[in-house]
Amino acid sequence: MSEALMGVYNRAPLEVERGNGMWLHTRDGRTFLDCVAGIATNCLGHAHPRLVAALEEQARKLWHVSNIFRIPGQEELAARLVGATFADAVFFGNSGSEAVECALKAARRYHAVNGAPERIDIVGFAGSFHGRTYAAVNASGNPAYLDGFGPRLPGYVQLTIDDRAAIDEAVRRPTTAAVIVEPVQGEGGARALDGEWLSWLRRLCDAHGVLLIHDEVQSGMGRTGRLFAHQWFDGAEPDIMAVAKALGGGFPIGACLATAAVAGAMTVGAHGSTFGGNPLAMAVGIAAFDEIAREETLANVRAASDRLTTGLRDLVARFPDVAIDVRGKGLLIGIRMVPNNREIMALARDHGLLVAGGGENCIRLLPPLTITLDEADEVLRRIEATFAAARV
Ligand code: PMP
5 MSEALMGVYN RAPLEVERGN GMWLHTRDGR TFLDCVAGIA TNCLGHAHPR
55 LVAALEEQAR KLWHVSNIFR IPGQEELAAR LVGATFADAV FFGNSGSEAV
105 ECALKAARRY HAVNGAPERI DIVGFAGSFH GRTYAAVNAS GNPAYLDGFG
155 PRLPGYVQLT IDDRAAIDEA VRRPTTAAVI VEPVQGEGGA RALDGEWLSW
205 LRRLCDAHGV LLIHDEVQSG MGRTGRLFAH QWFDGAEPDI MAVAKALGGG
255 FPIGACLATA AVAGAMTVGA HGSTFGGNPL AMAVGIAAFD EIAREETLAN
305 VRAASDRLTT GLRDLVARFP DVAIDVRGKG LLIGIRMVPN NREIMALARD
355 HGLLVAGGGE NCIRLLPPLT ITLDEADEVL RRIEATFAAA RV
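Position one of the sequence shown corresponds to residue 5 (my numbering), numbered consecutively onward.
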C-alpha cells in the first residue's frame, strides 16, 4: 500500500483492472463475482454498453460549463426524478454526503424562511449512516464516525428506532427541524425498517410541523425492487430525499429531492456546487435512470432477491455455527456472521466472491440489479464453499 495515501481505508489486497457485468478481473489474471458493485453504485454491472455509449458521446461534446449556465441534462434527469417520486424539484451534487448536506440545509432553511428559525434540531437514529462530511457524520448513528472530531455538533439528536416514546417526544419539541432516516439501513447492516414504523413517523412529523428526510442513497434507485424503498409502503413519503450511488450507475452523482414547499426555501445563493450536475454525470445518469426504471429491471431485482434470500436462509440453517440470519430488502442483503465478518470477506475472496462488510458483524451482498438467476446460483455456491471453509 502506498504511504502517499491517507490510511483511512481497509483495502482488500486486489488490483482490479477491468469489469464486465458482475465479473471483475484483476491484473494478476483472477476473476471475481462482484457482490459489492462499488458499494451499490455499479447497479447495471460494469461497463454497461448503454452507459459507456452515453459517457463517450457526451465526452466528445462537453465536459463542464458550471452552474452559471443552463445544463439541459440536469433538466432532463430532474424531470425523470420528479415524475417518479413525491418530489417537485432537485438539486444535483456529486455524492451521497453532498445530497445529505443539501437535505439538512434545506430542512433548516425551510423553517427559517417560514418564521420558525428556532427549528434547527435534526433527529437521527442509531445504526444509520449518512456520509462523512461534517453535517453527515453528526447526523449519523455510529459514534465511532465522530471519533477524534470533537463533540457532536449542537442541533443533532440521536435516538433508537425502537424507542417510539423518545421519538414522539423529540418530534413534538418546538426546536426540531427534521428527522432523517434510511428506509433500509445499509452500512448499519441491511436493516429494513417496516412500513408501519415509516408511516407512523410520517404522521408524527406531519402532526408537529417537522420535515421528514429519507436517505435513500443506498436503498434507492431500484436496489429493493421498487425505484425507492419507501415506495413499497403507503403513507411513507418524505419531504426531502437524498439519492446518489446507483443514480449514476457508477459515475459520481448525488441528488437532493424535495417538495415544492421545501425547494421554495432554497433561493439563489442558498446552496451550490461547482461540479454538481455536470454534463458528463447527467448524460450517464439519464441513461442509468432509463435502464433502472424499466419494469424488467425491477422485476429482475425481486426475482434475484427471492432466489438469493431463499438460498441464503437454507445455508444459514445448514451452517448455524457460521451464520446467524439473513435480512435486508431486495438486493440489499445482510447475513449476520458468527466469526468476524472481515474473516468471512477474506474467505469469500479465496472463493472468487467479493462481498462488503456491514454493521452488526454482517456481510453485505449488493450485486448489480442485472444479476441473472444463474449468477445468483453461482453466488450461492461460492457462499456455501465460503461457509464450509469457515467451519473447518
Ligand atoms: N447515505 C447512505 C445511506 C450511504 O450508504 C452512504 C455511502 N455509503 C452515504 C450516505 C454517503 O455517500 P458518499 O460516500 O457518496 O458520500
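C-beta: ideal position from N, C-alpha, C; glycine also.
Remember, predicted model here, so these are calculated numbers, not experimental data.
(message) Report the CB separation of Val-330 from Val-320 in whole angstroms; it is logged as a contact under 8 Å.
(response) As a position in the sequence shown, residue 330 is number 326, starting the count at 1. As a position in the sequence shown, residue 320 is number 316, starting the count at 1. Going by Cβ atoms, the distance from Val-330 to Val-320 rounds to 6 Å, so yes, they are a contact pair.
(message) Less than 8 Å between C-beta atoms, sequence neighbours within five positions excluded: which residues of the same chain meet that for Arg-177?
(response) As a first step, residue 177 is located in the sequence shown; it is residue number 173 there, counting from the start. Hits under 8 Å: Asp-125.
(message) For Ser-70, count the other beta carbons within 10 Å of its own beta carbon; 16 or more makes it buried, fewer makes it exposed. Which is it?
(response) Position 66 of the sequence shown, counting from 1, holds the residue named residue 70. Classification for Ser-70: exposed.
(message) Between which residues of its own chain and Val-359 is the CB-CB distance below 7 Å, once the five residues before and five after are set aside?
(response) Counting from one through the sequence shown, the residue named residue 359 turns up at place 355. Same-chain partners within the cutoff: Cys-39, Val-40, Met-349, Ala-352, Ile-367, Arg-368, Leu-369.
(message) Distance check for Leu-284 and Ala-57, CA to CA, integer angstroms please.
(response) Taking the sequence shown and counting its residues from 1, the one referred to as residue 57 is at position 53. Taking the sequence shown and counting its residues from 1, the one referred to as residue 284 is at position 280. Near 11 Å, if we compare the C-alpha coordinates of Leu-284 and Ala-57.
(message) When you compare the CB positions of Thr-45 and Ala-250, do they come within less than 9 Å of one another, or not?
(response) What you label residue 45 is simply residue 41 of the sequence shown in a count that begins at 1. What you label residue 250 is simply residue 246 of the sequence shown in a count that begins at 1. Contact: yes.
(message) Comparing C-alpha positions only, which one of Ile-184, Ala-91, Asn-118, Ala-83 sits nearest to Phe-133?
(response) Sequence index remark: in the sequence shown, residue 133 carries index 129 (1-based). Nearest option by C-alpha distance: Ile-184.
(request) Compute the distance between the beta-carbons of Val-175 and His-115, then report whether it is under 9 Å. (result) Indexing the sequence shown from 1 puts residue 175 at position 171. Indexing the sequence shown from 1 puts residue 115 at position 111. It is not a contact, given that the beta carbons lie outside the stated cut-off.
(request) Would you check if the region 89-102 and the region 274-292 touch, i.e. whether three or more CB-CB distances between them fall below 8 Å? (result) yes
(request) Using beta-carbon positions only, say whether Asn-142 and Arg-123 come within less than 9 Å of one another. (result) As a working note, residue 142 is residue 138 in the sequence shown. As a working note, residue 123 is residue 119 in the sequence shown. Contact: no.
(request) Within the region 162-203, note down every full alpha helix (DSSP H) run reaching 4 residues or more, in order along the chain. (result) 168-176
(request) Measure the C-alpha to C-alpha separation of Gly-332 and Phe-232 and round it to an integer number of angstroms. (result) Translated into the one-based positions of the sequence shown, residue 332 becomes position 328. Translated into the one-based positions of the sequence shown, residue 232 becomes position 228. Distance between the alpha carbons of Gly-332 and Phe-232: 14 Å.
(request) Please indicate yes or no: does the CB of Val-183 lie closer than 8 Å to some heavy atom of the ligand PMP? (result) The residue you call residue 183 lines up with position 179 of the sequence shown. No, Cβ of Val-183 sits at least 8 Å from all heavy atoms of the ligand PMP.
(message) For Ala-307, which residues in the same chain have their Cβ closer than 8 Å to its Cβ, ignoring the five residues on either side in sequence?
(response) Counting from one through the sequence shown, the residue named residue 307 turns up at place 303. Answer for Ala-307: Leu-377, listed in chain order.
(request) If I'm right that Ala-91 touches Ala-262 with Cβ under 8 Å, what's the distance once you round it to whole angstroms? (result) Residue 91 sits at position 87 when you count from the first residue of the sequence shown. Residue 262 sits at position 258 when you count from the first residue of the sequence shown. Indeed, because the Cβ distance is near 6 Å, the residues count as touching under 8 Å.
(message) On a Cα-Cα basis, can you pick out the residue from Gly-281, Thr-390, Cys-106 that is closest to Arg-74?
(response) Along the sequence shown, read from residue 1 onward, the residue named residue 74 stands at position 70. Answer by Cα proximity: Gly-281.
(request) Give a single yes or no on whether Gly-289 has its beta carbon closer than 8 Å to a heavy atom of the ligand PMP. (result) Start at 1 with the first residue of the sequence shown, and residue 289 comes out as number 285. Result no, Cβ not under 8 Å from the ligand PMP.
(message) Just list the residues that DSSP pairs Phe-95 with in beta bridges.
(response) Within the sequence shown, numbered from 1, the residue matching residue 95 stands at position 91. BP columns for Phe-95 point to Cys-260.
(message) Restricting to Cα atoms, I'd like to know which of Cys-260, Tyr-138, Arg-54 is closest to Asp-219.
(response) Along the sequence shown, one-based indexing puts residue 219 at 215. For Asp-219, the nearest C-alpha among the options comes from Cys-260.
(request) Enumerate, from N- to C-terminal direction, the unbroken alpha helix (DSSP H) stretches of 4 or more residues contained entirely within the region 96-168. (result) 100-117, 138-143
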